[in-house]
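Student:
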Amino acid sequence: MKGTCLCGAVEFRVSGQPEGTAVCHCSMCRKQSGHVWASAHVPDADLTVSGEVRWYHSSNFARRGFCPTCGSFLFWKDDRDPHVSFSLGALEEPTQLTLSRHIFTKDKGDYYEITDGLPQS
């Protein structure tokens, strides 16, 4: 599975089977992505990245990776966990993935509703 940022300066490949497909509604993801952020995660070793990625520590344990040229929000990494989350919206091919849940729904914006019936936390 392959993904890129908007301008193409950053490319990533996922070699393992992604898990944890989710839509995050937290205020940080909404501010960084412009709405909600859909992602999945893989072990660190299953993600290969080419091009420059800048990392921003958004909390005392997590950081967010983005393209310094176009600003695309591509990765989320918990420094305590050997997995990395990647943006489903950056994938370039059919993935056969389906969303499994919504997270941080108590922080969701008041301008939309979640109506797909997936579990919410």
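Following the working numbering, the numbering of the sequence shown begins with -19 at its first residue and continues without gaps.
Heads up, the beta-carbon is just placed ideally off N, CA and C, and yes, glycines get one too.
Just so we're clear, the structure is a prediction, and the values are computed from it rather than from any experiment.
#1: Go through its chain and collect everything with a Cβ distance to GLY31's Cβ below 8 Å, but skip five positions before and after it.
#2: In angstroms with no decimal places, state the Cα-to-Cα distance between ARG(-7) and TYR91.
#3: Give the DSSP bridge partners of PRO23, in chain order.
#4: In whole angstroms, give me the CA-to-CA distance for THR95 and SER80.
#5: Between the C-alpha atoms of ALA42 and PHE53, what's the straight-line distance to the nearest angstrom?
#6: For SER65 and SER19, which I take to be in contact (beta-carbon distance under 8 Å), what is that distance rounded to the nearest angstrom?
#7: Determine the DSSP secondary structure at ASP58, reduced to helix, strand or coil.
#8: Looking at C-alpha atoms only, which residue of SER38, ASP26 and THR1 is the closest neighbour of MET8?
#9: Would you call HIS15 buried or exposed, if buried means 16 or more other Cβ atoms sit within 10 Å of its Cβ?
Tutor: According to the structure data:
#1: Locating residue 31 in the sequence shown gives position 51, where the first residue counts as 1. Cβ within range, chain order: CYS(-15), ALA(-11), VAL(-10), GLU(-9) and CYS47.
#2: To locate residue -7, count along the sequence shown from 1; it is residue 13. To locate residue 91, count along the sequence shown from 1; it is residue 111. About 34 Å.
#3: If you number the sequence shown from 1, residue 23 lands on position 43. Partner(s): HIS63.
#4: Here residue 95 corresponds to residue number 115 of the sequence shown, with the count starting at 1. Here residue 80 corresponds to residue number 100 of the sequence shown, with the count starting at 1. Computed Cα separation, rounded: 13 Å.
#5: Here the question's residue 42 lines up with position 62 in the sequence shown. Here the question's residue 53 lines up with position 73 in the sequence shown. Whole-angstrom Cα-Cα distance: 14 Å.
#6: To locate residue 65, count along the sequence shown from 1; it is residue 85. To locate residue 19, count along the sequence shown from 1; it is residue 39. Their Cβ separation, rounded to whole angstroms, is 4 Å, which keeps SER65 and SER19 in contact under 8 Å.
#7: For the purposes of this step, residue 58 is identified with residue 78 of the sequence shown, where counting begins at 1. Three-state result, ASP58: strand.
#8: By one-based count along the sequence shown, residue 8 stands at place 28. Nearest of SER38, ASP26 and THR1 to MET8, Cα basis: SER38.
#9: The sequence position of residue 15 within the sequence shown is 35, counting from 1. With fewer than 16 Cβ atoms within 10 Å of its Cβ, HIS15 is classed as exposed.
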